[in-house]
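K.L.:
In our numbering, the protein residues as written are 1293 to 1480.
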């Protein structure tokens, strides 16, 4: 392995470790037990207000919800010969099954409120993520440059001191990786 590859490997390891542990290294950052806080949503500009679409979307959510009490990820499709909607959810790995269920149970309300009857939507809450799309829509939306509405949740980090804390975290990790021969261990 040449020195450029070693440097890239070291940098990628540092970035990975930092992104995984940044919350522990920043003072004043607290974990929220409310996993249903909106982080991000993206809704298609196109919608379908027909009863068929509404019922299929409702069936899809009803099918995913019980699965979230036993699994942190699931993918399914609902519909008939006229309409099909595919979806998946994913919960954070540190959530219990009950917390995952609670989070996924919040998504239909958030989606219906913010995205109405959109043909495709992505809803990212603090603890889980759901994406659904009407079959056949993906190719149409990705082949054109249709604008999608985006909304992000409340800003979580105040700008004061963030850059300094980030640089200090990077320096501490780099020092730890170099001092440990390429492996950084959490000492807590």
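Note that beta-carbon positions come from the ideal geometry of N, C-alpha and C, so glycine has one too.
1. If you draw a straight line from the C-alpha of residue 1329 to the C-alpha of residue 1390, how long is it?
2. Can you list, in chain order, the residues of its chain whose CB lies under 7 Å from that of residue 1351, leaving out five sequence neighbours each side?
3. Measure the C-alpha to C-alpha separation of residue 1339 and residue 1388 and round it to an integer number of angstroms.
4. Measuring straight from C-alpha to C-alpha, what distance separates residue 1456 and residue 1354?
5. Can the beta-carbon of residue 1327 be found closer than 8 Å to that of residue 1356?
6. Compute the distance between the beta-carbons of residue 1415 and residue 1403, then report whether it is under 8 Å.
7. Does residue 1353 come out as helix, strand or coil in the three-state DSSP assignment?
8. Helix, strand or coil for residue 1419 per DSSP?
9. From residue 1467 to residue 1409, what does the alpha carbon distance come to, in whole angstroms?
10. If you run the structure through DSSP and keep just helix, strand and coil, what is residue 1364?
11. Can you have a look at residue 1441 and say buried or exposed, based on whether 16 or more other CB atoms are within 10 angstroms of its CB?
12. With a threshold of 16 other CB atoms inside 10 Å of the CB of residue 1321, please say whether the residue is buried or exposed.
13. Could you check the C-alpha separation between residue 1400 and residue 1376 for me, to the nearest Å?
14. Which partner residues of residue 1424 appear in the DSSP bridge assignment?
15. Pop quiz: residue 1413 and residue 1424 are said to be a contact at Cβ under 8 Å. What is the actual Cβ separation, rounded to whole angstroms?
16. Do residue 1395 and residue 1364 have their beta-carbon atoms positioned less than 8 Å apart in this structure?
17. For residue 1362 versus residue 1379, is the C-beta distance shorter than 8 Å?
18. Do the CB positions of residue 1417 and residue 1336 come within less than 8 Å of each other?
19. Below 8 Å on the Cβ atoms is my contact criterion, and I expect residue 1374 with residue 1344 to pass it. Report the Cβ-Cβ distance as a whole number of Å.
P.N.:
Taking the coordinates as given:
1. 16 Å
2. 1370
3. One C-alpha to the other measures close to 34 Å.
4. 46 Å
5. no
6. Result yes, Cβ atoms of residue 1415 and residue 1403 sit closer than 8 Å.
7. helix
8. Reduced to three states, the DSSP call for residue 1419 is coil.
9. 51 Å
10. coil
11. Confidence at residue 1441 is low in this model, with a pLDDT of 47, below 50, so the placement of that residue should be treated as unreliable; the coordinate-derived value is given next. Result: exposed.
12. Because residue 1321 carries a pLDDT of 38, less than 50, the predicted location of this residue cannot be relied on, and no value is offered for it.
13. So the alpha carbons of these two residues sit roughly 17 Å apart.
14. 1379 and 1413
15. 6 Å
16. no
17. no
18. Taking 8 Å as the Cβ cut-off, residue 1417 and residue 1336 do not qualify as a contacting pair.
19. 6 Å
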